[in-house]
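Numbering (our numbering), first residue to last: 81 to 274.
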């Protein structure tokens with residue numbers, strides 16, 4: 081956590097986890113409110129399917145943008161698509177909206193893990209990746225709790241607002257840390273000579 085840039089990545093992943101955790105809870109509440117509780121599993125499957133398809137497609141592409149710009153674009157798209165579910169009038173539209181929203185998740189995760197692997201020295205890579213996965217795991221748990229509390233007070237649809245707010249927070253975190261990420265990834269990407 082003392083390595084410059086790692087804190088930015090961990091905090092961004094925490095916010096990304098909040099998006100995922102809050103959407104999981106909000107989908108179940110929304111499906112129940114729509115009188116179709118069984119549809120929650122299909123809606124969440126659409127979210128995962130969008131992520132999987134995009135992840136496989138992204139893995140096959142050669143992107144010319146720098147890794148930091150890819151990270152920022154991924155975070156930006158993830159935060160923008162987190163807004164989509166709140167406009168869903170029914171479970172069918174919600175499935176489509178989450179399929180689209182899911183398409184940013186896997187590519188962003190691929191980019192952030194690659195960025196982390198560049199920033200963290202090889203001797204500390206396991207520790208660095210553990211911090212990153214811990215960040216997203218804590219975010220998922222936190223997102224579930226926050227969405228549940230918001231839904232209890234304001235209703236099923238309001239649970240999606242947690243993802244929207246978290247998306248904004250994630251963009252701010254990355255904007256504030258972008259300069260550090262650029263500097264540390266440039267140093268980490270330099271070849272070492274022995």
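Just so it is clear, CB atoms sit at the ideal spot from N, CA and C, and this is done for glycine as well. None of these values were measured; they are calculated from a predicted model.
Looking at residue 89 and residue 189, is the spacing between their C-beta atoms short of 8 Å?
Going by beta carbons, residue 189 and residue 89 fall outside the 8 Å limit.
Tell me the rounded alpha-carbon separation between residue 167 and residue 249.
Separation of residue 167 and residue 249 (C-alpha to C-alpha, rounded to the nearest whole angstrom) is 20 Å.
Under three-state DSSP, which class holds residue 147?
DSSP places residue 147 within a helical segment (H, G or I) once states are collapsed to three.
Cβ-based burial, residue 158 [other Cβ within 10 Å; buried from 16]:
That one is buried.
I'd like to know whether the C-beta atoms of residue 135 and residue 184 end up nearer to each other than 8 Å.
No; because the gap between Cβ atoms is not below 8 Å, this pair is not in contact.
Using the beta-carbon count (16 or more within 10 Å), is residue 121 buried or exposed?
Exposed, because fewer than 16 other Cβ atoms sit within 10 Å of the Cβ of residue 121.
What's the call for residue 256, buried or exposed, on a 16-neighbour Cβ count within 10 Å?
Residue 256 comes out exposed.
Is the beta carbon of residue 261 less than 8 Å from the beta carbon of residue 151?
At a Cβ-Cβ threshold of 8 Å, residue 261 and residue 151 count as neighbours.
Contact belief for residue 118 with residue 244 at Cβ below 8 Å, rounded distance in angstroms
Wrong, their Cβ atoms sit about 26 Å apart, outside the cutoff.
Measuring alpha carbon to alpha carbon, tell me which of 263, 226, 82 ends up nearest residue 103.
Nearest in C-alpha terms to residue 103, of all of 263, 226, 82, is 226.
Run the CB neighbour count on residue 174, radius 10 Å, all protein chains shown included, and call it buried at 16 or more, exposed below.
So residue 174 counts as buried.
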